[in-house]
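Take a look at the structure below.
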Amino acid sequence: MSIQGALLTSLSSLNVLGQQTNLISNNIANANTPGYAQENLQLSELLGNGMGSGVVAGQVSVLANDAAAAVANQASGSAAYSQQMSSALAAYTSALGQPSDTSSLSSQLSAFTTALTTLSATPADGTAQSGAVNAAQSLTQTFNSLSGSISSQREQADQAIAVGVASVNNTLNQLAQNETARQVAQATGQSTANFINQRSQLLSNLATELPIQVHQSGGGGITVTTDRGTTLYDGSVHPLSFTATPVIPSSMRVTADPSNGLTGGLSQVSADGQPIAMSQSGSIAANLQLRDVTLPGFSDQLDLLAGNLIGTFQTADPTVSAGQAGLFTAGGAALDTTNPAAIAGLAANISVNSMVDPSRGGATWRITTGVQAASQGTTSNNSTLIGFVNALQSSQSATAIAGLPTAASLSDAVSQVSGDQQAASSTWTSLNTSRTQQATAAQTALSNQTGVNIDDQMQRLLIVQQTYQASAEVIQTASSMMNSLLSIIQA
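Our numbering puts the first residue of the sequence shown at 1, with every later residue one more than the last.
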């Protein structure tokens with residue numbers, strides 16, 4: 001090979017090696033970036049007069065596997081769903097407590113029953129009367145607190161939906177910009193690898209918010225839909241719409257109202273004016289499930305228990321007439337036990353009748369004689385108290401709570417509701433553990449096929465550096481030889 005040929009070959013090698021160094025460095029820097037696939041520089045031999053005279057860099061290719069990426073995205077969406085369910089239910093059941101906790105609903109009901117039993121032995125004892133009234137107030141406050149906890153979790157879910165929708169719209173806009181840039185690069189013969197990698201990362205981000213499907217279209221483009229067929233991107237962005245509801249009362253429920261996209265005062269996620277149906281995948285779907293189904297179901301159970309308690313003491317109190325409130329009230333009023341609609345929101349509104357509360361002008365002796373009694377009566381009469389205790393402990397056919405026997409004592413019903421709600425939380429905690437493991441496994445499988453192996457990249461970088469040094473030495477030697485020849489010619 002001539003000196004000139006050696007110089008040209010080495011110079012072309014240095015140019016390619018510089019590009020390879022940048023590419024390998026970029027691969028290493030993105031080794032832990034979700035969705036990033038390894039990029040490789042295509043090389044070809046540079047020919048001159050039918051002979052090899054160096055190398056030339058071609059296009060940058062992406063080590064992609066669409067099928068493995070789809071599996072990883074689905075797994076990450078499933079894990080995001082279970083993580084949100086697990087987190088929200090754990091926060092609520094922490095407030096609910098275990099039956100053995102002194103602050104739990106079961107313990108508060110037991111303490112109230114014990115206080116009534118103690119008072120029945122000495123019905124004229126003012127201290128025991130106050131103790132029973134205080135126990136009743138603690139019981140109602142526990143109902144109120146649990147109802148408030150559910151409303152708080154529903155409000156947090158609603159706000160999280162708004163944040164998720166904003167994130168999806170931002171990602172879709174980034175996807176549109178990226179696709180436009182990719183098309184320009186493709187049309188002008190430039191590398192599209194960077195844009196394909198960026199697209200994969202954006203799709204990974206979308207999958208954690210809602211379930212998606214990616215469809216290949218002409219010219220290397222894509223169409224993105226939800227798993228139920230709603231179009232999110234088809235060359236144009238179809239943004240999601242959602243209006244947050246800052247305050248969600250415990251009685252607020254979802255009822256169909258397709259005319260305005262609002263359902264019972266709660267906004268649904270929509271695209272192109274139509275509500276989006278989603279499977280159990282992604283944070284948005286989980287928060288909708290929490291806000292509209294799971295947590296309202298818990299609230300319904302508490303409302304039924306509160307209604308049962310109110311109704312029990314209206315019926316068991318011989319001094320209470322039709323339309324009058326007993327020891328427990330529905331926001332200060334009597335409960336119409338014949339009206340199912342009156343049950344909604346009771347756990348938030350249940351309270352102790354002011355007639356037995358001295359701080360509100362009442363008298364504690366009325367818990368002994370009956371709430372609506374006009375006078376204190378015989379101090380030794382404990383028949384009303386015994387009636388209260390018997391009513392709490394007897395089976396009640398009115399305990400029509402989903403999943404419970406229709407004939408159960410209030411104590412049994414409270415225990416089973418608490419147990420079922422704790423079990424639901426535990427189920428999602430277990431599911432989250434398994435789904436997170438599955439997502440990690442799917443991501444690892446994708447990374448093994450398309451990701452960056454740092455050891456391999458470092459070895460390639462070392463080879464590039466060694467080749468660079470060798471090419472530089474060739475250039476230095478060739479330059480020295482050229483200088484020697486010039487000196488001979490000039491002599």
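Using N, Cα and C, we set each Cβ at its ideal position, and we do this for glycine too.
Exposed or buried, which one is residue i when buried takes at least 16 other CB atoms within 10 Å?
i	result
proline 296	buried
isoleucine 488	exposed
aspartate 101	exposed
methionine 458	exposed
glycine 370	buried
proline 123	buried
aspartate 66	exposed
serine 94	exposed
leucine 47	Low per-residue confidence applies at leucine 47: pLDDT is 47, beneath 50, and the placement is therefore not dependable, though the value from the model is reported in the following sentence. Exposed, because fewer than 16 other Cβ atoms sit within 10 Å of the Cβ of leucine 47.
arginine 360	exposed
threonine 142	buried
threonine 180	exposed
glycine 419	exposed
asparagine 390	exposed
glycine 131	buried
threonine 384	buried
glutamine 437	exposed
asparagine 448	exposed
valine 293	exposed
Where does residue i sit, in a helix, a strand or coil, going by DSSP?
i	result
valine 71	helix
tyrosine 233	strand
proline 358	helix
isoleucine 488	helix
phenylalanine 242	coil
isoleucine 284	helix
proline 99	coil
proline 275	strand
alanine 322	coil
alanine 445	helix
alanine 88	helix
alanine 344	coil
alanine 408	strand
glycine 218	helix
isoleucine 248	coil
valine 163	helix
glutamine 201	helix
glycine 131	helix
serine 394	coil
tyrosine 36	coil
aspartate 158	helix
aspartate 300	helix
So residue i packs on residue j, CB below 8 angstroms; how close in whole Å?
i	j	result
valine 356	leucine 392	No, valine 356 and leucine 392 are not in contact; Cβ-Cβ is about 17 angstroms, not under 8 angstroms.
leucine 96	leucine 146	6 angstroms
phenylalanine 112	valine 165	Between valine 165 and phenylalanine 112 the Cβ distance is about 45 angstroms, and since that is not below 8 angstroms, they are no contact.
isoleucine 248	aspartate 303	Between aspartate 303 and isoleucine 248 the Cβ distance is about 15 angstroms, and since that is not below 8 angstroms, they are no contact.
threonine 33	glutamine 201	7 angstroms
alanine 413	asparagine 308	7 angstroms
isoleucine 367	leucine 288	So it is not a contact: roughly 44 angstroms between Cβ atoms.
tyrosine 36	asparagine 178	Not confirmed; about 14 angstroms, so no contact.
tryptophan 365	glutamine 376	5 angstroms
serine 250	alanine 348	4 angstroms
alanine 80	threonine 192	Contact doesn't hold; Cβ gap of about 29 angstroms is too wide.
Which partner residues of residue i appear in the DSSP bridge assignment?
i	result
isoleucine 212	Thr226
phenylalanine 328	Val352
alanine 333	Ala330
serine 270	Ser241 and Pro275
alanine 124	Answer by DSSP bridge pairing: none, since alanine 124 is not bridged.
What number of angstroms, rounded off, separates the C-alpha of residue i from the C-alpha of residue j?
i	j	result
phenylalanine 388	leucine 335	17 angstroms
leucine 410	proline 99	14 angstroms
serine 86	isoleucine 310	32 angstroms
asparagine 26	asparagine 144	56 angstroms
threonine 188	proline 239	30 angstroms
serine 151	alanine 344	13 angstroms
serine 204	threonine 171	10 angstroms
leucine 210	serine 279	8 angstroms
threonine 338	histidine 215	55 angstroms
glycine 219	alanine 424	48 angstroms
asparagine 22	valine 269	43 angstroms
proline 358	serine 149	29 angstroms
leucine 431	serine 281	13 angstroms
arginine 253	serine 283	21 angstroms
threonine 114	valine 352	17 angstroms
glutamine 190	aspartate 227	33 angstroms
arginine 435	tyrosine 233	28 angstroms
tyrosine 92	alanine 374	42 angstroms
Can you determine whether any heavy atom of the ligand ADP sits closer than 8 angstroms to the C-beta of residue i, and answer yes or no?
i	result
proline 275	Looking for the ligand ADP in the displayed structure turns up nothing, as the structure carries no ligands at all.
Cβ of residue i less than 9 angstroms from any chain B Cβ?
i	result
serine 25	This model lacks chain B altogether, as it is built from one protein chain only.
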